[in-house]
Each structure stands twice: as C-alpha cells, then as structure tokens.
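See structure below.
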Amino acid sequence: MSAPTRVPAGAPEHLTGPGSGGVGDDAERPDGVLKVRGEFAYGSDLWMADMLWGATLRSPHPYARIRSVDTSAALATPGVRAVLTADDVPGEKVYGLELADQPVLALDVVRYQGEPVALVAADHPETARLAATRIRVDYEVWEPVTDARTALGHRTGNQVHDSAPEVTELSRENAHLHPQGNLVRHLKIRKGDPAPAADVVVVGEYEVGMQDQAFLGPESGLAVPAEDGGVELHVATQWLHVDQRQICSALGLPPGQVRLTLAGVGGAFGGREDLSMHVHACLLALRTGRPVKMSYNREESFFGHVHRHPATMRYEHGATRDGQLVYVKAEIYFDGGAYASSTPAVVGNGGTMGIGPYVVPSVHVDCYGAYTNNPPCGAMRGFGSVQTAFGYESQMDALAAELGMDPVELRCRNAMEQGSTTPTGQVVDSPAPVAELLRRLAAMPLPTRDDGGEVDLRDMPGGVSNTTHGEGVRRGVGYAVAYKNVGFSEGYDDYSTARVRLEVVGGEPTATVHTAAAEVGQGLVTVEQQIARTELGVERVVVHPKDTTVGSAGSTSASRQTYVTGGAVKAACEAVREQVLARAQRLVGRTVPDLRLAGGAVVSDSEDITVPLADLLGDDVLEETLEWRHRPTEAIDPETGQGFAHVQYAFSAHRAVVDVDTELGLVKVVEMACTQDVGKAINPQAVIGQIQGGTAQGLGLAVMEEILIKDGTVRNPSFTDYLIPTILDMPPMRIEVLEYADPHAPYGLRGVGEAPNISSGPAVLAAIRAATGLPLARVPVRPEHLTGT
Amino acid sequence: MRLTCTVNGASQQVDDVWEGESLLYVLRERMGLPGSKNACEQGECGSCTVYLDGLPVCACLVAAGQAEGRQVGTVEGLAGAAALSPVQQAFLDAGAVQCGFCTPGLLVATHDLLTRSGRPSDPEIREALAGNLCRCTGYEKILDAVRLAAERMSEPGAHR
Numbered sequence: 001m002s003a004p005t006r007v008p009a010g011a012p013e014h015l016t017g018p019g020s021g022g023v024g025d026d027a028e029r030p031d032g033v034l035k036v037r038g039e040f041a042y043g044s045d046l047w048m049a050d051m052l053w054g055a056t057l058r059s060p061h062p063y064a065r066i067r068s069v070d071t072s073a074a075l076a077t078p079g080v081r082a083v084l085t086a087d088d089v090p091g092e093k094v095y096g097l098e099l100a101d102q103p104v105l106a107l108d109v110v111r112y113q114g115e116p117v118a119l120v121a122a123d124h125p126e127t128a129r130l131a132a133t134r135i136r137v138d139y140e141v142w143e144p145v146t147d148a149r150t151a152l153g154h155r156t157g158n159q160v161h162d163s164a165p166e167v168t169e170l171s172r173e174n175a176h177l178h179p180q181g182n183l184v185r186h187l188k189i190r191k192g193d194p195a196p197a198a199d200v201v202v203v204g205e206y207e208v209g210m211q212d213q214a215f216l217g218p219e220s221g222l223a224v225p226a227e228d229g230g231v232e233l234h235v236a237t238q239w240l241h242v243d244q245r246q247i248c249s250a251l252g253l254p255p256g257q258v259r260l261t262l263a264g265v266g267g268a269f270g271g272r273e274d275l276s277m278h279v280h281a282c283l284l285a286l287r288t289g290r291p292v293k294m295s296y297n298r299e300e301s302f303f304g305h306v307h308r309h310p311a312t313m314r315y316e317h318g319a320t321r322d323g324q325l326v327y328v329k330a331e332i333y334f335d336g337g338a339y340a341s342s343t344p345a346v347v348g349n350g351g352t353m354g355i356g357p358y359v360v361p362s363v364h365v366d367c368y369g370a371y372t373n374n375p376p377c378g379a380m381r382g383f384g385s386v387q388t389a390f391g392y393e394s395q396m397d398a399l400a401a402e403l404g405m406d407p408v409e410l411r412c413r414n415a416m417e418q419g420s421t422t423p424t425g426q427v428v429d430s431p432a433p434v435a436e437l438l439r440r441l442a443a444m445p446l447p448t449r450d451d452g453g454e455v456d457l458r459d460m461p462g463g464v465s466n467t468t469h470g471e472g473v474r475r476g477v478g479y480a481v482a483y484k485n486v487g488f489s490e491g492y493d494d495y496s497t498a499r500v501r502l503e504v505v506g507g508e509p510t511a512t513v514h515t516a517a518a519e520v521g522q523g524l525v526t527v528e529q530q531i532a533r534t535e536l537g538v539e540r541v542v543v544h545p546k547d548t549t550v551g552s553a554g555s556t557s558a559s560r561q562t563y564v565t566g567g568a569v570k571a572a573c574e575a576v577r578e579q580v581l582a583r584a585q586r587l588v589g590r591t592v593p594d595l596r597l598a599g600g601a602v603v604s605d606s607e608d609i610t611v612p613l614a615d616l617l618g619d620d621v622l623e624e625t626l627e628w629r630h631r632p633t634e635a636i637d638p639e640t641g642q643g644f645a646h647v648q649y650a651f652s653a654h655r656a657v658v659d660v661d662t663e664l665g666l667v668k669v670v671e672m673a674c675t676q677d678v679g680k681a682i683n684p685q686a687v688i689g690q691i692q693g694g695t696a697q698g699l700g701l702a703v704m705e706e707i708l709i710k711d712g713t714v715r716n717p718s719f720t721d722y723l724i725p726t727i728l729d730m731p732p733m734r735i736e737v738l739e740y741a742d743p744h745a746p747y748g749l750r751g752v753g754e755a756p757n758i759s760s761g762p763a764v765l766a767a768i769r770a771a772t773g774l775p776l777a778r779v780p781v782r783p784e785h786l787t788g789t
Numbered sequence: 001m002r003l004t005c006t007v008n009g010a011s012q013q014v015d016d017v018w019e020g021e022s023l024l025y026v027l028r029e030r031m032g033l034p035g036s037k038n039a040c041e042q043g044e045c046g047s048c049t050v051y052l053d054g055l056p057v058c059a060c061l062v063a064a065g066q067a068e069g070r071q072v073g074t075v076e077g078l079a080g081a082a083a084l085s086p087v088q089q090a091f092l093d094a095g096a097v098q099c100g101f102c103t104p105g106l107l108v109a110t111h112d113l114l115t116r117s118g119r120p121s122d123p124e125i126r127e128a129l130a131g132n133l134c135r136c137t138g139y140e141k142i143l144d145a146v147r148l149a150a151e152r153m154s155e156p157g158a159h160r
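Line order of the protein sequences matches chains A and D. Going by this note's numbering, the first residue of the first sequence is number 1, and it counts up by one from there. Going by this note's numbering, the first residue of the second sequence is number 1, and it counts up by one from there.
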C-alpha cells in the first residue's frame, strides 16, 4: 500500500539487546552502545543528500493583529526554495491536543510571543533563517493580558497580606482571547461539610514560576515526500499517533499517507507532547518535493514548546488541636498561556490531587485554567501536581508550626493509606505507604557538618566564588511528600498496542517487540525487552523501530508507559506463549499442565520434557498484535468533583538538607534523600535513575529555574539565563525504593517518573524556610527573597 | 572556503564551507560525524565538547576556519580500535546514559579529566564536569561512572 520509502541516513535501526536480563534485572539498554559511541541518531542528526533546511518566522509580539504579510524579499533570497504562510495550510488550520485552537501558522491574530507566522525552506540553515527575517509582517499591536486571574475577570492581589483585591476591566480583545472566552477549565471539588469550622486555621498564598522542560535535544525531524503524495516524518516526539492525527488534519491527508517514525529523542519531560516542527516540515517537504530538516536552536526551543504552568494558589487548612485535618479550601489558578494544549488535564490533576496525599473530611477546591497572552503551557513531568505540592506542603509545615508539632508527625497523622477516601470520593484500593515513606526518611542519618577541619569552599553556598567560609551560613532540613496519578484519567480510553513475534533466526529463538511507544531516554526499550525475555523465555529480543505501522501506544507521559505499554507487551507475549505451548502439547501428544517457556525451550518441571524452540517452530513465525487497557476510570462530576478519576497513584517523599548564606541569599543543597514506592522495580537501575533525575528537576524549580516573563515577553530564552542544575548544584542522594505490589497492575508495578519530581522541590523550600525562618511563598527562591533586598 | 584538518586521526578536506559555520556544524553536517551534539549552540551545555589539539573545547564556539590544519578529536574517535573505551563502558555499566544527548560531551570531558588526573576526588570530578549539562540523570550515576572508569583505568596495564 505505501509507496517506496527513501530512508534518511541515521534512520532508526532495529535494536538488539545483549541477552539475559528479564523483569527485575538491571538489564543493559539496547541503545546504550550506540549512544556512547555517538552513533545513535537523534532527530537533529538525520541527513539526506538533497535535503533542505526549514526555518520559522515567529511573532515578536505577545498579542497583535496581522494586517499583512509580504514574503517577496524572502522568496527572492538566493537558495530559498519555498516560503509558506497560513494560506498554504491545505487542511484544518488549527490543531491541539485536547482542543483544536492553535494555528499551524498564524491566521489573523498572534496570541503569544514566538507564535509561528511563516516558514522558509532553503539550501542552508542560515539562508533559511536570513530569509525568514526578510518576511515583512505588518502588526497592529494590542495590549496583552498576562495574568490568569485578570484574564478571567477575577479579583487579583494577595488577600492574606495588605494589598486590596481589585478587578481589572478587560478590553474586548482581552476578554475573549478565544471565541469561547478566557476560561479553559474550572474544576470544582465539593466534599463534606460546606461550612466547616476548626480549632486551628492557617491560610497561605503561594506562587510557582514558569518552568521549562529544558530537554537537551532540540525539537527536530526530517520530512520526506513520498511518491504517493504523502509524507514520511522522522521526528523526536512523545506520542506518534496523536502527532499523526493532528498532522493529517492540517495536511488534509489520510493516516495512510502520513507515516511517522520515531527519531532519537534527546529528553522530553512533557515538552514534546504538543506539535512543534512536525506539520511545518511536512508542509515544506510537500511543497518543495524534497526532504526538509528542521532543528531548533536553543533560543527557538524556548518558544517552540509548551512549558509548565505558572500557578497562584490560596489555601486554608483547618485542624483540631491535636493535629487532625478537618478541612481544606483551595483556590488554584493555572496560567495556560495563549493556547489550550493540555491545560484541561493539568487542571484535572491540580484540582483532584491539590491537597496532597492526606485524608480530609471536608474539601472545597476551585481550580482554574485560563488563557492569557503568555507562552502556552502544557505538559511537564508532574503535570499540575508539582505546583500544588508547593502549596499543600507549605501549608502542612505552617500548620505544624502553628500546632507546635513535628512536621513529619503531622503528615503521618493525616496520611492517606490503603482504604482511605480521596477528595474525589475514590477509595484507594492499593498500597499507599505515605506514612512509611516519611518515617523511613526521618530515620535516615543526617549528613554531618565538619566543623573542625579546614573549610572546603566547594561545600559552601557560593562555592569557589569564595563568598563565605561559614559566616552567616545556616542549615535547614525540610520534608515533603507527593502523590501523582499514573496514566490518563477521568474516563480517558487509555490503551497501548503491542505486536510480538517469535521466530527462529540463525538457529536462535528471537522475539521481536513492535510498539509505537516513544523511548525518550527513560529506558522503555529496555523494559520491553525485559518483559519479552521473562514471558517468552528467550534471550534475544529485538525492539522494532517505533512507528505508525502498529497501533497507538498512547503517550510517553503520565508515568504510564511501563504500566500500559508494558502491560500490552506482556499480554501479547502471553498470547504468543499460548500458541507455543499449544503447539508443544500437540507435539508431546498429551496434556502436560506445567509446560512453560525457559532458556529458549518449552520445558516442564514435573516431567522430563525439553523441546527447543528452534525445533518446535522451524521456519514458522508466531505473531500476535493486541490492544491492552488498564481498568477504566470515569469522568468526575462537574459540580462536586466526585468520581473514580484515577487508576493508580505513585507516592514519593523527600528530605532536603540545605545550607543558606543568609547574608547573600545563596543556597547550597547539601543532601537529598528520597523514598518511593514503585510497586515492582522492573529495572532497578533505571528506577533509581528516574528518582535521581526527577529530584534534580524539582530542586531546579525550587531554587533556580524560571522562564521570566515581562509584559508577555520571555526575558531569558537561553541556557545562559535560564539555569538548570549542574553537577555542582546537585548534592549526593540517599534513596530507598519500596516495592508494595499494586494488585491491579502488571507485575504489581507503579509508574515511577513523575512522583520524585513533585516532592523534591517542596522539601528544598521547606529546608530553606527552616534555615532562615522566612515564610517564603514563591518558587524559585531568589537571593533577594532571602536577604530582603 | 576549503577546510583541511585531521579528525580522529584521519585527514579531512571539505569544500564550500561558509565562513560563518562552526566546527560543530561542519563535523555534523559536512563530515558525517553527528556524535557531537547541538543542544545549545552557545557554549553553555558542553554537549559538543571535542578535543582541539588535545584541549577540550565547545565545538559550537569554534569557527570552522579556526580548525584549519589542526587535530580534532570527537566522541566517534574515543574508542580507537576497541569497541568501547573504558570511559564509554563505565557510563553504560553505571547507568549514566538515559536520553544520551549530553553523553558525547561528558565522555570527552571525562576522558580529558582522567587523562590529566588518574583518581580524581568527587569535588574534582564535579568541577571538571561543571560545564556539561545533563537533564535526565541528576548526575549521580555520572559521578558513579567517572569513579568506575578511574578505578578501571588506574589498574596496571589498563587500556585508556
């Protein structure tokens, strides 16, 4: 059916594992050797002899009407092969993950700084960029709306402190950034007593800045026009099939003519769930009839993907004198920026998990997602739960201080456990060892401070800048705990597809696993091999390139792939195994109840039977393809928020130890400790890697990472000015992994990747508070917050 | 312009190089050596670290013309005739590779560190690798890998 394909240099090849390494082993990554030899082909590495380079012209204004676009000077630039605008989009001109509201190329209005307006294809990337600057766009610049509450017409200002709340009068343009208005979603939770009273009440307002995923491999890919009028796209992404759906819609082509293959992905963390250069490269390739490569530079990358929603939150916690939570009220605002992206689902998570893993009889939550003219925000690791964890954990510390209680004790007293009821009325039906995670952390030894010997500057806040030898340095310890839903929630049909083949290759039984699940660095390809080895008893497992010739695997997000695609691979292996065992029964000629696959053979423990697969299969190929789903969830009630919203929770806790130079406002994180329940560690080394990496991203948000926005424009789109933790910023970590099986999940596993990203930042914030005694209501914490200057 | 230099021990000559191109661009797009990575292209992340006449540099900050007549060493040349160098093997064994985009630069930087300093302390490792950003690992397993490589390379008769 599909036309002959030209394959670019560097296109993915089958990955073959090194043998042994089933479920529970530290199996080696099948892509590891390629990666350390510099031979693993990322999206930006793809190359074809006659390829062109694409470049994007982006809006310099956060909000403006486009009066006209003149592309003539760009087209006249030598080496330029095509210049495209919205008029050249043949299909639907808007797209989106959940709501189709984002133009492929700007239509009459631009709604954020960096919105794509026009495209250029040229022989050289610098020619394409130069030509893009020659496109003349005449803008009527409008006043941007840059605050979520203002966008919704709600009162602004801090209600806890002095400033008077005010409501800003919105202009016609500002009241309706989109036709349906500026509200993307309002989630309500109403549980228990609507007018609760408590002995002790603490109120706090908190703010979280905009974080960037800062994956290192830029948005990139190569689109190759096909002879059937379609296009092959090799792209670094998180979910091939949701990309395919949106690309087909924009190009006006059926799925059979838009074929995607996953290129090497240099990290994702949510930032590749939305389209970036996908449709653009396809449009240019189809127009020019030549392969087109697009690869953003770092500055463009900051404008080329969605970010973590900034949030403002107001919490009110009521408790008894002995520290039992009575009620929580929360008002949470997520700034979704110019387009919806996954804001509805982020609001879903932020709202339903917005009070933390605690048992509270009465809960009243209002969680809003708003359109503004800030950069669009969507998925990032932790997805709505990262922001609220800063709120609810700050509140737990404030409450503990008010009650004169130990903050760990207060948390344990209110901790969710198996059988508890969540704020959405869902009974927690698998282990929830929240208190144990905290108690294990508290029992770990604290790092010692060497007071006697000579000061090593490298251990001090400020490091070798030589800003202190210990004067003004105070130490603090803080705790935080997180929970996060695993998988897609609220009734989403969350499934994955796996195709598993078993055959004899060169005399050796070989399994091939084919899924469309994106490997983004986390090690899913390793997990797929491990599951196939365990289920089929073979050593050699080939991971087929990830593409759209097999059904959807769903997104590599929500900590879900090991669970859902792992479940699909397991199920497909089981179906193949049934075939093999049936065949062996026929060969043996009688029913042997304990036949199983091991060591490349069908064996029985009760009888002396060993039938090598090489003999049993001969030249036959056994193959099964199936879809696998986790238990269904359901939509929550729009008025009360009640319902079976989530299929599984992940739990982690952190203890942070910090030293703060209180005179200069510099923070040195001395140690991070983490406990996490993973149900079953399919690959322990990879699990630890997820916890360490997630911890680093949480620490980054607490003390350094923020996209600074002024009047809707980004002030720091570079790694010079947007800081992520270096090896000097990351302290040693202590980690304990618990394995309490979830009876509903394959192998009892729990999704791992997001939870540690949620609990680490609030623990660092708590430790800084403990060191300084300051209330600190905003992250990232800046030096001036600590020095009051 | 024409650029002639030695890359991983082999003489290379490329024509029609635009003067504005970086060494990184020429390696990746004109010499078929995309192992050095393009994460920031402004000298902040270290993903493009290569040897230039034996010193580690960010290839994105070196104009292609500056490499004229000089020796360039990239991740593709680290293993030499072996399948993997001890540093590469240690990164795999320690689980220091996730997405792997920072890995080539870290391998070159680590190779340089261990060439200069046989058994570096943890603070020395941290200082030496402070110019290499990694977003996946939190650096713990990178430290493990460097310690492991240092241990293996300091054994008598070890391959470097």
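For each residue, glycine too, the CB sits at the ideal point set by N, CA and C.
According to the DSSP secondary-structure assignment, Phe334 of chain A is paired through a beta bridge with A:Ala311 and A:Gly369.
Interface annotation for the stretch 30–58 of chain D against chain A: Gly32, Leu33, Pro34, Gly35, Ser36, Lys37, Asn38, Ala39, Cys40, Glu41, Gln42, Glu44, Cys45 and Ser47, criterion Cβ-Cβ distance under 8 Å. Per DSSP, Ala82 of chain A is not a residue of any alpha helix (DSSP H); the beta strand (DSSP E) it occupies stretches across Val80 to Leu84.
For the 8 Å CB-CB criterion, His241 of chain A and Leu222 of chain A do not form a contact. Per DSSP, His241 of chain A is one residue of the alpha helix (DSSP H) stretching across Leu240 to Leu251. Interface criterion met: the Cβ of Pro218 of chain A is under 8 Å from a Cβ in chain D.
Comparing C-alpha distances from His630 of chain A to each of A:Ala498, A:Thr312 and A:Phe488 shows the shortest one belongs to A:Phe488. Thr110 of chain D has a beta carbon lying at 8 Å or more from every beta carbon in chain A.
In chain order, Val94 place their CB closer than 6 Å to the CB of Ala100 of chain A, counting only its own chain and leaving out the 5 sequence neighbours on each side.
Here Gly689 of chain A carries a helix assignment [DSSP, helix/strand/coil]. Within its own chain, the residues whose Cβ lies closer than 6 Å to the Cβ of Leu33 of chain D, once the five positions on either side in sequence are excluded, are Leu27, Thr74 and Glu76, listed in chain order. Among the residues facing chain D, Ala214 of chain A is included, as its CB has a counterpart in that chain under 8 Å away. Beta-carbon to beta-carbon, Gly551 of chain A and Glu627 of chain A are separated by about 6 Å, close enough to satisfy the 8 Å threshold. Between Pro376 of chain A and Tyr112 of chain A, the C-beta spacing is below 8 Å.
The three-state reading of DSSP puts His514 of chain A in strand, counting E and B together. Interface annotation, Lys668 of chain A: not in contact with chain D, CB-CB separation never under 8 Å. Inter-residue distance for Gly9 of chain D and Gly80 of chain D is about 10 Å (C-alpha atoms, whole angstroms). Between the C-alpha atoms of Val328 of chain A and Ala311 of chain A there is a straight-line separation of about 18 Å. For the stretch 672–689 of chain A, the residues whose beta carbon sits under 8 Å from a beta carbon of chain D are, in order, Gln685, Ala686, Ile688 and Gly689.
Counted as a single uninterrupted DSSP element, the alpha helix (DSSP H) harbouring Lys35 of chain A occupies residues Gly32 to Val36. Put simply, of A:Ala777, A:Ile724 and A:Thr565 the residue whose alpha carbon is nearest the alpha carbon of Gln213 of chain A is A:Ile724. Think of a sphere of 9 Å around the beta carbon of Leu114 of chain D: no beta carbon from chain A falls inside it, the nearest being about 15 Å out. The alpha-carbon separation between Thr237 of chain A and Ala94 of chain D amounts to approximately 27 Å. Close partners of Ser718 of chain A in chain D (Cβ separation under 9 Å): Cys40, Gln42 and Glu44. Cα atoms of Gln71 of chain D and Arg119 of chain D: separation of roughly 27 Å, rounded to the nearest angstrom. Annotation note: the stretch 447–506 of chain A contains the following uninterrupted beta strand (DSSP E) runs of length 3 or greater, listed N- to C-terminal: 473–486 and 495–505.
Within the stretch 59–74 of chain D, Thr74 place their CB atoms closer than 8 Å to a CB of chain A, listed in sequence order. DSSP places Ser604 of chain A in the uninterrupted beta strand (DSSP E) bounded by Ala601 to Ser604.
Annotation note: the stretch 72–158 of chain A contains the following uninterrupted beta strand (DSSP E) runs of length 3 or greater, listed N- to C-terminal: 80–84, 116–122 and 136–141. If you check the CB distance, Leu437 of chain A and Ala673 of chain A do not come in under 8 Å.
In this structure Gly336 of chain A is in contact with Ala370 of chain A, their Cβ atoms being roughly 6 Å apart against a cut-off of 8 Å. Val365 of chain A is positioned such that its CB atom lies closer than 8 Å to that of Pro423 of chain A.
His61 of chain A counts as buried, since at least 16 other C-beta atoms from the protein chains shown sit within 10 angstroms of its C-beta.
Relative to the Cα of Asp605 of chain A, the nearest Cα in the group A:Leu613, A:Pro593 and A:Arg411 belongs to A:Pro593.
Excluding sequence positions up to five before and after Cys48 of chain D, its CB lies within less than 7 Å of the CB of Leu24, Ser36, Lys37, Asn38, Cys58, Ala59, Cys60 and Gly105, all in the same chain and listed in chain order.
Residue-level contact by beta carbon fails for Leu24 of chain D and chain A, as no gap is shorter than 8 Å.
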